[in-house]
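Following numbering that gives the first Met the number 0, the numbering of the sequence shown begins with 0 at its first residue and continues without gaps.
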Amino acid sequence: MAPKYVHHYLDASARGDPIRIVFYAAGVEFEEKLYTFACMPKIKADEKTFPLGQVPALQIDGESYVQSHAILRYLGNEFNLYGMCNKQKLVIDEILYTLLDLEDQSFPTFFFTPKCQKDEKLKKLHDYAVRAYKMFEGILQKNNKGKEYFVGNKLSIADLHLVISLETLKLRLH
Numbered sequence: 000m001a002p003k004y005v006h007h008y009l010d011a012s013a014r015g016d017p018i019r020i021v022f023y024a025a026g027v028e029f030e031e032k033l034y035t036f037a038c039m040p041k042i043k044a045d046e047k048t049f050p051l052g053q054v055p056a057l058q059i060d061g062e063s064y065v066q067s068h069a070i071l072r073y074l075g076n077e078f079n080l081y082g083m084c085n086k087q088k089l090v091i092d093e094i095l096y097t098l099l100d101l102e103d104q105s106f107p108t109f110f111f112t113p114k115c116q117k118d119e120k121l122k123k124l125h126d127y128a129v130r131a132y133k134m135f136e137g138i139l140q141k142n143n144k145g146k147e148y149f150v151g152n153k154l155s156i157a158d159l160h161l162v163i164s165l166e167t168l169k170l171r172l173h
């Protein structure tokens, strides 16, 4: 019997999106519970479902797990989207953590930076993003001459996460 997955996240675009897209890409059924920011006090109080008082959280047969990248890697392993060998997993992690660095820089830059500091923060973010995307391009070129995927000849959580990250960044820029 297949596990029952329940994905808890905010009704917003950010760290829960790659988890959601992995389910769709793998063709695996899951239930999604989306919350508004007004629900945060309820989330913080429910230690059984949200052990750290935050989202995303994933329940597997009623047991809760947290931390977006831990969940993402778990699902990648479960659904064969996390590389075929340790070296491929290393490349995937390299991409995932670079995207996490970009997210960590972009969120406060777009939402919490005073106007007088915004240009400086955007320049720093831009400079890092340029280096990151050059690295991504190099990884793609090494694998099948950049034709499809970051590793091997099939979709991975790195490919999916990059698409979501680009969409999120596009939303933040406009």
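Even glycine gets a Cβ: it sits at the ideal position worked out from N, Cα and C. Given the structure is predicted, the values throughout are model-derived calculations rather than measurements.
Nearest by alpha-carbon distance to Asp-60: which of Ala-24, Lys-141, Met-0 is it?
Cα-wise, what sits closest to Asp-60 is Met-0.
Specify whether the stretch 28–48 and the stretch 119–130 touch according to this definition: at least 3 beta carbon pairs, one from each stretch, less than 8 angstroms apart.
Contact between the stretch 28–48 and the stretch 119–130 is absent: fewer than three C-beta pairs spanning the two stretches fall below 8 angstroms.
Output the distance between the C-alpha atoms of Ile-163 and Leu-170, rounded to the nearest integer angstrom.
Approximately 11 angstroms between the Cα atoms of the pair.
Residue nearest to Gly-15 in terms of C-alpha spacing, selected from Lys-47, Leu-74, Pro-2
Looking at the Cα atoms, Leu-74 is the closest of the given residues.
How is Ser-155 classed by DSSP in three states: helix, strand or coil?
Residue state, collapsed to three classes: coil.
If I'm right that Tyr-81 touches Ser-155 with Cβ under 8 angstroms, what's the distance once you round it to whole angstroms?
That pair is a contact at about 6 angstroms.
Can at least three beta-carbon pairs, one atom from the stretch 48–59 and one from the stretch 87–103, be found at a separation below 8 angstroms?
These segments do not touch.
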